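Sequence positions in the sequence shown follow full-length UniProt numbering and run 1 to 423.
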Amino acid sequence: MFRYCASSLFATLSHHHHQPLSQLNTTTNVISRLAAGGAANGKSGPGNSQCIRSLFTSPTLLAKTRKRRKRYPFFWLQDKYKAYYDENLTKGNEEFFQAFLKEKYPLAAGSSPLRKEPWDTSEQFTEGTQRIGLIAKKLGTFPQWLNTGRRILTTCLMVTDNHVIKYHSPEEYAEIGRPVDRKRYAGLGCAIVGADSRDPRQFTAEYNGLFNESGIMPKKKLSRFFITHNARIEPGTPLVVSHFRPGMFVDIYGKTIDHGRVSLRKRYRLKLGQKSHGATKSHNRIGSIGRGRKWCGPLKGRRMPGVMGAERRIAPGLKVWRINTKYNLIFVSGPGVPGEIGSYVNIMDSRMPKKTLGELKVTPPFPTATLEEQQKLDEELFDKDLHKPHEPSIVFEITEEEKKAAALAARKFGKAKTAQKLR
Numbered sequence: 001m002f003r004y005c006a007s008s009l010f011a012t013l014s015h016h017h018h019q020p021l022s023q024l025n026t027t028t029n030v031i032s033r034l035a036a037g038g039a040a041n042g043k044s045g046p047g048n049s050q051c052i053r054s055l056f057t058s059p060t061l062l063a064k065t066r067k068r069r070k071r072y073p074f075f076w077l078q079d080k081y082k083a084y085y086d087e088n089l090t091k092g093n094e095e096f097f098q099a100f101l102k103e104k105y106p107l108a109a110g111s112s113p114l115r116k117e118p119w120d121t122s123e124q125f126t127e128g129t130q131r132i133g134l135i136a137k138k139l140g141t142f143p144q145w146l147n148t149g150r151r152i153l154t155t156c157l158m159v160t161d162n163h164v165i166k167y168h169s170p171e172e173y174a175e176i177g178r179p180v181d182r183k184r185y186a187g188l189g190c191a192i193v194g195a196d197s198r199d200p201r202q203f204t205a206e207y208n209g210l211f212n213e214s215g216i217m218p219k220k221k222l223s224r225f226f227i228t229h230n231a232r233i234e235p236g237t238p239l240v241v242s243h244f245r246p247g248m249f250v251d252i253y254g255k256t257i258d259h260g261r262v263s264l265r266k267r268y269r270l271k272l273g274q275k276s277h278g279a280t281k282s283h284n285r286i287g288s289i290g291r292g293r294k295w296c297g298p299l300k301g302r303r304m305p306g307v308m309g310a311e312r313r314i315a316p317g318l319k320v321w322r323i324n325t326k327y328n329l330i331f332v333s334g335p336g337v338p339g340e341i342g343s344y345v346n347i348m349d350s351r352m353p354k355k356t357l358g359e360l361k362v363t364p365p366f367p368t369a370t371l372e373e374q375q376k377l378d379e380e381l382f383d384k385d386l387h388k389p390h391e392p393s394i395v396f397e398i399t400e401e402e403k404k405a406a407a408l409a410a411r412k413f414g415k416a417k418t419a420q421k422l423r
């Protein structure tokens with residue numbers, strides 16, 4: 001079908017080559033001439049409408065199936081790190097450079113290098129407001145216990161030296177954002193947050209220039225958060241872990257563990273072939289994947305070996321159980337936070353139904369918590385249902401009724417086990 005359409009198209013173009021180019025420079029002229037030529041010549045083949053439709057839906061003309069992931073950066077991304085050169089600095093020169101950095105960035109980590117008057121933050125939190133988020137490092141999984149004695153697993157995250165780098169108002173982002181983001185985040189501003197200050201010599205001059213407006217040291221990690229205009233924060237403002245409070249729910253965005261190219265057995269947990277009884281070198285093969293010559297190969301979406309992991313995922317609706325203000329630690333429910341240990345994740349207010357701040361009737365620090373406010377808080381903040389480690393251990397007393405019920409259940413279980421053996 002496609003061969004006939006292509007030949008008809010090229011024949012039409014060659015037949016009218018003597019006409020001015022202005023009459024053939026549009027797709028509409030080409031299609032109209034193709035339809036008229038096919039009807040006049042009376043050639044056998046598919047109908048004109050079917051021919052034209054197949055011309056634009058043929059897999060040989062359309063782009064290939066889009067990849068879900070890229071193992072290389074986008075072409076428009078500038079180089080972040082510059083090539084390392086051994087400068088052979090003496091001890092005195094290195095001390096001079098460190099003194100220069102302290103003079104240029106005199107504030108300690110977590111301080112606020114605001115160069116202008118702070119923005120007006122008198123606006124109040126309302127339902128539907130989207131606050132800024134934080135960047136944290138995943139430290140691992142730790143068990144916690146509830147007041148009922150139940151053991152739960154939590155993931156510990158560390159908020160490391162967060163600062164606001166830049167803020168774009170909704171009007172500004174509507175001009176500079178991607179078309180997809182303009183529609184998806186219409187009416188929202190874009191705040192850029194950085195984490196982990198680093199030596200400027202590690203980065204290129206273009207990357208260091210991103211931090212001139214905020215006046216802070218270059219950051220290793222940058223992320224963006226879409227917020228409402230009433231939750232805007234001035235660039236240079238530090239962000240601390242008390243931005244969230246125990247009992248709130250958060251959404252965590254990160255990149256899953258990259259397992260590389262793996263077999264079908266590991267990727268989709270398939271059984272594959274037998275290990276014995278006539279299986280020769282086929283116990284780990286996937287078998288036939290085609291559907292015959294007529295169908296031109298396997299179906300789209302056929303499960304095949306390939307790259308597993310390295311997907312950007314969101315773990316929604318995780319509860320904040322515990323916060324340590326001294327070390328900027330936050331404990332969230334479950335071991336399912338995406339990413340390896342030591343990887344960066346984004347923590348945001350949850351948008352799941354019945355878990356938003358407006359539906360929970362919770363008034364969080366707005367637009368964010370300051371360093372002075374965090375210093376007034378306790379070192380450890382716990383949820384009301386979580387057992388505090390410094391309190392005495394939970395002791396449960398067994399009543400006589402419970403003992404009798406347990407003995408009766410044990411006798412029933414013993415009889416059932418004996419009957420099963422007799423069978």
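Glycine included, C-beta positions come from ideal geometry on N, C-alpha and C.
Quick caveat, the model's predicted, so the values are computed rather than measured.
Residue burial is scored here from C-beta neighbours: Asp79 has fewer than 16 other C-beta atoms within 10 angstroms and is therefore classed as exposed. Annotation: Tyr207 is outside any beta strand (DSSP E); the continuous alpha helix (DSSP H) that includes it extends over Ala205 to Asn208.
Ranked by how close their Cα comes to the Cα of Asn284, the residues Leu270, Pro143 and Gly358 have Leu270 in first place. Per DSSP, Ala186 is not a residue of any beta strand (DSSP E), being assigned neither H nor E. Membership of Gln144 in the beta strand (DSSP E) is indicated by the continuous run Leu134 to Trp145.
Beta-bridge partners assigned by DSSP to Tyr81: Phe203. Looking at the backbone, the Cα of Ser223 and that of Ile152 are separated by about 30 Å. DSSP, read as helix, strand or coil, puts Gly215 in coil. Around the beta carbon of Gly254, a 10 Å sphere encloses 16 or more other beta carbons of the protein chains shown; the residue is thus reported as buried.
Val320 and Met248 do touch by the CB rule: their CB atoms are close to 5 Å apart, below 8 Å.
In the DSSP assignment, Asn93 falls outside any beta strand (DSSP E) and lies within the alpha helix (DSSP H) extending over Lys91 to Lys104. Taken through DSSP and simplified to helix, strand or coil, Asn324 comes out as strand. Annotated as proximal: Gly189 and Tyr173, with beta-carbon spacing under 8 Å.
Taking the Cα of Thr370 as reference, the smallest distance to any Cα among Gly260, Tyr105, His243 and Ala279 is reached at His243.
Using a C-beta cut-off of 8 Å, the stretch 311-320 makes no contact with the stretch 285-301, since fewer than three inter-stretch Cβ pairs fall below that distance.
Bridge partners of Val332 according to DSSP: Thr155 and Val320. In summary, Pro389 is exposed, with fewer than 16 beta-carbon neighbours lying within 10 Å of its beta-carbon over all protein chains present. Here Val250 is near Met348, since their CB atoms are less than 8 Å apart. Straight-line measurement puts the Cα of Lys183 at about 13 Å from the Cα of Glu171. Positions of the beta strand (DSSP E) runs, each at least 3 residues long and wholly inside the stretch 344-406, are given as 344-349 and 380-382 in order along the chain. Across the structure, Pro179 and Phe97 are spaced so that their CA atoms are roughly 44 Å apart. Between Tyr167 and Arg232, the C-beta gap is smaller than 8 Å, which places the two residues in contact. In terms of CA proximity to Arg302, Gly290 leads the group Thr129, Gly290 and Ile323. The C-beta distance from Val362 to Ile252 rounds to 18 Å, too long to fall under 8 Å, and the pair is not in contact. Its Cα nearest to that of Glu359, the residue Glu127 stands out among Ala136, Glu127, Glu103 and Lys82. Residue state for Leu222 is assigned as strand, using DSSP reduced to three classes. In this structure Ala205 is exposed. Its beta-carbon is surrounded by fewer than 16 other beta-carbon atoms within 10 angstroms. Considering only Gly140, Leu146, Ile132 and Ile330, the residue with the shortest C-alpha distance to Pro392 is Leu146. By the Cβ-count criterion, Ser350 is buried, with 16 or more other Cβ atoms from all chains shown falling within 10 Å of its own Cβ.
C-alpha of Thr154 to C-alpha of Thr141: approximately 6 Å in a straight line.
Between Arg131 and Pro367, the C-beta spacing is below 8 Å.
Sorting Pro73, Ile227 and Lys70 by C-alpha distance to the C-alpha of Ser169 places Ile227 at the top. For Val250, DSSP records a beta bridge to Leu318 and Asp349.
Val159 and Ile323 have their alpha carbons spaced roughly 11 Å apart. Sequence-distant partners of Leu386 (beyond 5 residues in either direction) whose C-beta falls short of 8 Å from its own C-beta, in its chain, are Gln144, Trp145, Leu146, Asn147, Pro246, Trp321 and Arg322.
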